[in-house]
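In my numbering, the protein residues as written are -18 to 347.
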């Protein structure tokens, strides 16, 4: 359209004001029309040829939104997880009817976005160095962690883990100090962005290799069962003591993995062992459509990771990550399923990563 306007203006400069007379059928159909008129100079003639096209169709999106409503989620909880309609309504009401719950979710969203924006600014100024991966666009996941995951739960994240650590209770100042390589950081500055570890919150994040965290999370889930069987627990310095966990011990292990990483062979091993031992394990799949810089559909035969557990009897739920309230409602139901001793489960969150793989990524693939 801009080119057409410039072309017309240029032609008008060379021709008289009456050089172009549009026919009555201009703009109808897809065909080429040529307009010709004598100009002021007998030695010159101006001709403009331009295709007349209909309004262009909307471009096909490589990754369209799923646009789930709550009924889409509640049906899965009823049909796959065995919840009753009344139980599903309770999970919905705990969020929708509670200003405190909604504010808790909103504050977690804001804190996650603000922290990552600050990290990006400091990285661009050269104050944060090394590898760094930001979570912008995926804030509904840390909001769920803040809403439904407990301090004693064992958390295993991947290298895009700043917001997961914050939502788990790791002080933001310690995380930022770690990124600045300061001794006051969570790992005394030795870990950096990809390796945030924190004993008090049982947060073991930042596994640099894709899917490396999966078997460790299964081992952590197994350790919870062993604690109960052997009547042992952690003391104040996180060493084992001969004191049984409380009778209401409902700890779980939660592992974060991308939908690209979920295509790794470790995922099949994890599902098999978790199902076999009935482990209290939540597999949280962060489905942003990108396996680093590769469009996941180009390398994955089936992107429905939440259905990977069918062969092992592991249920899965699919939610829209652009609706933080639905993620909290559905996610809490799945988490409670695992807490109740029914075994492992998968939660796949369809979301979008707004930034490149890292701040150094120009995102040419987008």
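For every residue, glycine included, the Cβ atom is placed at its ideal position computed from N, Cα and C.
Contact annotation: the stretch 232 to 248 does not touch the stretch 175 to 182, with fewer than three C-beta pairs closer than 8 Å. Burial is judged here by how many other beta carbons sit within 10 angstroms of a residue's own beta carbon; residue 262 has at least 16 and is buried. DSSP places residue 292 in the helix class (H, G or I) of the three-state scheme. In this chain, the beta strand (DSSP E) harbouring residue 185 covers 184 to 188. Just measuring C-alpha positions, the residue of 264, 202, 313, 297 sitting nearest residue 287 is 297. For the pair residue 121 and residue 331, the Cα-to-Cα distance works out to about 10 Å. Ranking 323, 150, 192 by CA distance to the CA of residue 245 puts 192 first.
Here residue 108 has 161 as same chain residues with Cβ atoms under 7 Å from its own Cβ, once five neighbours each way along the sequence are excluded. Shown here for residue 61: same chain residues with a beta carbon closer than 8 Å to its own, the five before and five after excluded, namely 296, 297, 298 in chain order.
Between residue 138 and residue 186, the C-beta gap is smaller than 8 Å, which places the two residues in contact. Shown here, residue 238 sits in a strand according to DSSP, grouped into three states. Distance from the CA of residue 251 to the CA of residue 242, rounded to the nearest whole angstrom, comes to 13 Å.
When C-beta atoms of the stretch 40 to 60 are compared with those of the stretch 301 to 316, three or more pairs fall below 8 Å, so the two segments count as touching. A Cβ-Cβ contact shorter than 8 Å links residue 255 with residue 199. Annotated three-state conformation of residue 114 is coil, per DSSP. Nearest to residue 116 by alpha-carbon distance, out of 285, 281, 271, is 271.
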